[in-house]
Every structure is written in structure tokens, then in C-alpha cells.
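Sequences listed follow chains X and H, in order.
Counting from 1, position 226 in the first sequence corresponds to residue 225 in numbering that gives the first Met the number 0; the numbering is continuous, with no gaps.
Counting from 1, position 251 in the second sequence corresponds to residue 250 in numbering that gives the first Met the number 0; the numbering is continuous, with no gaps.
Some notes on the structure that comes next.
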Amino acid sequence: MAEPAIDIENLTKDYPYGFLQLKKRRSLESLTMQVQEGEVFGFLGPNGAGKSTTIKLLMRLIFPTAGSARILGKPISDIAMHRDIGYLPEQPYFYDYLTAAELLDYFARFHDFDAAERRERVERMLKRVGLESAGRLQLRKYSKGMLQRVGLAQAILHDPAVVVLDEPMSGLDPVGRREVRDIILELKKHGKTVLFSTHILSDAEMLCDRVGVIVGGKLQGVGAPSELVGLKAQGMEILFELPESAASATGGGELLAQATRTGDRYRLQVEESGLYAAMERLHAAGAKILSVTQVKPSLEEYFMHLVEADRAQAAAVEVRAK
Amino acid sequence: MTRVATVALNTFREAVRDRVLYNLVFFALVMMAAAILVGQISIGIEQIVIVSLGLSAISIIGLLISVFIGVGLVSKEIDKRTLYALLAKPLRRWEFILGKFAGLALTLAVNTAAMAAGLFLALFYVKHSIGRADTAVLVAVYFILLKLALVVALAMLFSCFTTPLLAILFTAGLYIAGLFVHEMRGLQAGMIDPVLGRLLRWISYVLPNFENFDVMGAAAHGRLIPGMLIAQNTIYATLYCAIVLVVAMAIFSQRNLK
């Protein structure tokens, strides 16, 4: 089996606190996981769960209390590893006295590109993140979303094999989010490995081959989104239209009471076995059936279940401590 | 070394685009104008007044830049998190520290050179000539620059492990203490407790000796400065800076960023 692109083993991080810094708060506990080459891996968790801590440990911005990690087979302490990785920090902030083009050129110099190649890459990246017209503007005049795009551009400027993105969708409008999603999918198409943290579950569901859910500093589950939530359908949803006049006249009041109404449209969840009977009753009542879809548990439900379980456990520990 | 130079040039660019730096240069020019004015009303001692005032202005402005910008070199990058994306590049932490130091040293060199040019212009304005004796002024400016490099290194060292405010206080405190190194050594001659005297003597050798860089009097009077002192001060400042920077690099290499 090929070596994983990112291999994390028992990574633990304690933060000292208190006046003498003698007390310790565990932010990450024995994290062990792998991200395979060419995979888009989503790192999910609520705020303060340990996502950014893990990413900062991988980038050597902070140092582990215990454990180790390797990226592309090299230990993270090896500076050569940084040639092949791109990193977008959470809520990125850059030198505001530089223009986006100057910033990208500055970062490109650390990868030993010659002047012509730097110029070509900078132009290409600015275009790719939709900043070609704002490239000569100082970064102090950029909005949060524009800074996020610059951050993304600097992360992929040198065509890295592994791209680590900390909350890449944060601060972006729907257009920006769509563009970031497209870039991640394009990176995947080119065989790059992408690890990104997010708490926007729909993005993870849409983009990721696998996700890891971290809660309270502990990894609670790893797998494909469909594996994690289970494939078994919870029922069927019927979307139908029913004019106001027909709705009041119909005898299917029981079904309508169960449905959720938005304007003239209704959504009704029924058991799979009762689907046809419900459809016949709706049809008889004059409803126009628009669609029928399977209802599956979402990643959000799975995520909330883990978060609530962690909170309950933390509360139980607190009660025992008292 | 290319990576160090890249960081250094960006640090220089930051300083150039920083309006505070321009204001300080403007302030220096005003000081020079004042020197000319004072020189005109100080009959017979124009050179002494102008050189003393000019060198003092260069020193004070340089010290303000060294301490305040020197402390901010590392702490600002951490506070604003501009360092995060940078350290994810193939750049070692010691290279970052060395580059930042070199960038501010380059800024100070350019700034000091501009102010020195202003001083020589003022000198030429009152004397109508520049002679060989005036090379002492040039040496005095060079010594100020060595002193400033040492202050930057100390400011960077402190900012690697403490808050910016404390780093400013520590650097300023160490600078002031370093101005009284000879006095500390003199104190142990029967004036205080022998143990305390020995301790002070030891401390005086560890403290940066800023007194040795002060040749303002000799420069103002046009006295030549011995080549031995120039060599000695150059070696002293280089070695002291190197030691301080190595300690700063060692601390910063182990530091957890926020």
C-alpha cells in the first residue's frame, strides 16, 4: 500500500496556563489518522475542537507535547517538506503595505523561481482566484473575502502536492465559496492531496472523499461521509403543490397537517411502505406531485450527535468532580 | 542565504513604506536646520555645536527606530499572524530572525547615511570646506550605526520571549545600563562591599558596553579617532550581535505561535 500523504501518529498538544503556566489544558489528545495521496479530506469539528491546533502542529507553528507526523514521507521538522506543501491559515492576514502581486512574488522567491517564472505564476494565480484587476492594490484595501482569495493563491502558487487549508470558506460570499470549491475539485483532478478544516458540513459532504470528525480534542470518527452517516434511508419525502382552494376543500386534512408548507408547496415525510398510499390520497385531493426523494441522515445530524455526546460526557465528568 | 536576503529586503521595503520612518527623517532635517541656526549664533564654536547636535540627533532618532521597530519585527508578525503563511514556506525560523535583523540594519544604515549627509551639508554650510579632520565625524556616525545594530539585536531577543512593552523596557534598561559600564567597574574599588563589587564587575563585562561607541567629543573637536578603536568596536559589536542573535534564534525556534 502506498505511503499516506499525511501520516499523524498520537499527536498530543497541551497548552500551559495560569500565572506560573504550571497548569495544562489538553487541546489535542493522541490524534492518529492518515490522509491518502490524491484524497480530499475534510477535518470537521465545532469551534475549539482542535482542528486548527492539528493544522498548526503539521505546519510547525506550534510544537507537539507528544506524538509525531509525516507529510509525503518526511517528518514535519524537515524543512524540505515545505517545498511540497501549501498552507492557507485561518482568517489569513498578510503584509498590508504590499499589493497582492508583490506578496505572491515575495512568497514565490522562497521557492527559488526565476523572475520570469515568478511573474508568470503570480499573474496566473491572481487570475485563478479572480483578483487580476485588484492585483496592484495594496492589501490594506482588501476585504476579508479578497484576503481569503490571496491566501488561497499563495497556498497553491508553487503547485504543491499537498494543500492544507484552514477554514477556506470562512468569510466568503456564495460566489467565493463556489470558486474555492472549484479550486479544491481542480486540485483533486490534478492528483493533489487536500486537507481542509471546516464547520460548513454541506461543503464537506460535497467535496470530501473522507472526513474526520474531531470533538473536544479527540477524533470521533473517520470515513467517507456516506459511511459515517449510514446509507439506510429514513423515509421518503414528497414535494407537492396544492392550491389554497383545493387545500381547504380536501378531505386529506390528516396528511396536510403532517406536511410542512411553503407558499403553495408542501413537503411531506412518510414511511417507505406507505409511500404509494399517501401519493394516491394526495392525487385524489387534487395535489400536483413535484418530486419524491429518499430521506437520509445528514452529516450534520451525525456531527450534532457527536457534539452532544461529548457535551454530555463533559457534564458528567464535571458532576463527578464536584 | 537567498532566503535571508529575501526577508531582509522585504523588511527594508516595509520600513520605506512606513510613514513613521519618513517623519523621523524629516525630523532629522529639521534638527540639521536648527543646528545651522545655533551655529550662526555660537561664534567660533560652530563646528562643535553642529557636530554635537547632529550626532545626538542621529543617535536619538536611530535609537527610537531601533527599539520600537526592532521590538515590532517579531512581535508584530506574531500578533498579526503574517508569520503563519511565511513559516509554511521553505524558510527556517533562524533565517527569518537573521533576515529581519539584516533588513532593519539596512534600513538604519540608509537612514543614518541620509542624516549624516545632512550633517555634512550643514557643516559645509558653516565652514565652507570639509577637511581630513572631519573624517572623525564619519567614524562617529559609523560607531552610532554599530551601537544601533546592537540595540536592534537586543530588542529582537527580548521580543522573542516577552510582550512588546516589556521588550521595550528591557532593551531601554539594558541600553541605559550599558552607558555606565565604566562607572560600574570603578565602583568596586573600596567604595562598596567587595562581594557586591565583584558581582558588579562581572555584570559590567556581560552588559553591552555602549560607552565605547561614544566618540562625539572627539568628533566635535576634530580629533582623529585611532584605527585600533575602530577595529575593536567593529569586532565587539559584531561578536555581541552574533551572540545575542544566536540566543534569539534558539528561543524563537522553540516558540509556540498563538
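For each residue, glycine too, the CB sits at the ideal point set by N, CA and C.
Computed from a predicted structure; not experimentally measured.
C-beta atoms of residue i and residue j nearer than 8 Å
i: residue 327 of chain X; j: residue 40 of chain X; result: No answer is possible for residue 327 of chain X: it lies beyond the span of chain X, which begins at 0 and ends at 321.
i: residue 149 of chain X; j: residue 130 of chain X; result: yes
i: residue 144 of chain H; j: residue 116 of chain H; result: no
i: residue 30 of chain X; j: residue 7 of chain X; result: yes
i: residue 36 of chain X; j: residue 65 of chain X; result: no
i: residue 122 of chain H; j: residue 50 of chain H; result: yes
i: residue 222 of chain X; j: residue 271 of chain X; result: no
i: residue 94 of chain H; j: residue 3 of chain H; result: yes
i: residue 161 of chain X; j: residue 84 of chain X; result: yes
i: residue 67 of chain H; j: residue 142 of chain H; result: no
i: residue 110 of chain H; j: residue 167 of chain H; result: no
i: residue 168 of chain X; j: residue 197 of chain X; result: yes
i: residue 137 of chain X; j: residue 97 of chain X; result: yes
i: residue 107 of chain X; j: residue 133 of chain X; result: no
i: residue 3 of chain X; j: residue 33 of chain X; result: yes
i: residue 71 of chain X; j: residue 58 of chain X; result: no
i: residue 18 of chain X; j: residue 195 of chain X; result: no
i: residue 246 of chain H; j: residue 158 of chain H; result: no
i: residue 112 of chain H; j: residue 153 of chain X; result: no
i: residue 277 of chain X; j: residue 305 of chain X; result: no
i: residue 68 of chain X; j: residue 10 of chain X; result: yes
i: residue 98 of chain H; j: residue 170 of chain H; result: no
Residue i: first and last residue of the uninterrupted beta strand (DSSP E) it sits in
i: residue 217 of chain X; result: 217-222
i: residue 86 of chain X; result: 84-87
i: residue 212 of chain X; result: 209-214
Collapsed DSSP secondary structure at residue i in the structure displayed
i: residue 101 of chain H; result: helix
i: residue 131 of chain H; result: helix
i: residue 322 of chain X; result: One cannot answer for residue 322 of chain X here, as it falls past the ends of chain X, which runs 0 to 321.
i: residue 120 of chain H; result: helix
i: residue 197 of chain X; result: strand
i: residue 6 of chain X; result: strand
i: residue 179 of chain H; result: coil
i: residue 287 of chain X; result: strand
i: residue 224 of chain H; result: coil
i: residue 319 of chain X; result: helix
i: residue 128 of chain X; result: coil
i: residue 231 of chain H; result: helix
i: residue 19 of chain X; result: coil
i: residue 292 of chain X; result: strand
i: residue 1 of chain H; result: helix
i: residue 240 of chain H; result: helix
i: residue 324 of chain X; result: The structure shown does not extend to residue 324 of chain X, since chain X spans only 0 to 321, so no value can be given for it.
i: residue 189 of chain X; result: coil
i: residue 92 of chain H; result: helix
i: residue 209 of chain H; result: coil
i: residue 117 of chain X; result: helix
i: residue 163 of chain H; result: helix
i: residue 110 of chain H; result: helix
i: residue 301 of chain X; result: helix
i: residue 94 of chain X; result: coil
i: residue 111 of chain X; result: coil
Host alpha helix (DSSP H) of residue i (start-end)
i: residue 193 of chain H; result: 193-205
i: residue 151 of chain X; result: 143-155
i: residue 202 of chain X; result: 200-206
i: residue 39 of chain X; result: Counting along the chain, residue 39 of chain X falls outside any alpha helix (DSSP H), though it belongs to the beta strand (DSSP E) covering 39-43.
i: residue 98 of chain X; result: Careful: residue 98 of chain X lies outside any alpha helix (DSSP H) and carries neither H nor E.
i: residue 85 of chain H; result: 81-86
i: residue 215 of chain H; result: 215-219
Residues bridged to residue i [DSSP beta-bridge criterion]
i: residue 25 of chain X; result: X/13
i: residue 47 of chain H; result: According to DSSP, which records beta bridges pairwise, residue 47 of chain H is partnered with nothing at all.
i: residue 268 of chain X; result: X/236
i: residue 133 of chain X; result: Residue 133 of chain X pairs with nothing; no bridge assigned.
i: residue 74 of chain X; result: X/69
i: residue 33 of chain X; result: X/6
i: residue 61 of chain X; result: None, per the DSSP bridge assignment.
i: residue 164 of chain X; result: X/87, X/195
i: residue 10 of chain H; result: Answer is none; residue 10 of chain H lacks a bridge partner.
i: residue 326 of chain X; result: This structure cannot settle anything about residue 326 of chain X, because the visible part of chain X is limited to 0 through 321.
Assess contact between the region 171-182 of chain X and the region 104-122 of chain X, defined as three or more Cβ pairs (one per stretch) separated by less than 8 Å. Is contact present? no
Does the region 162-182 of chain H come close enough to the region 204-211 of chain H to have 3 or more Cβ pairs within less than 8 Å? yes
Between the region 306-321 of chain X and the region 76-85 of chain H, do three or more beta carbon pairs fall short of 8 Å? no
Give a yes or no on contact between the region 210-222 of chain H and the region 127-143 of chain H, applying the rule of three or more CB pairs nearer than 8 Å. yes
Segment contact, 8 Å Cβ cut-off, at least three pairs: the region 279-291 of chain X with the region 235-244 of chain X: yes
Touch check for the region 145-161 of chain H and the region 99-107 of chain H: three-plus C-beta pairs under 8 Å? yes
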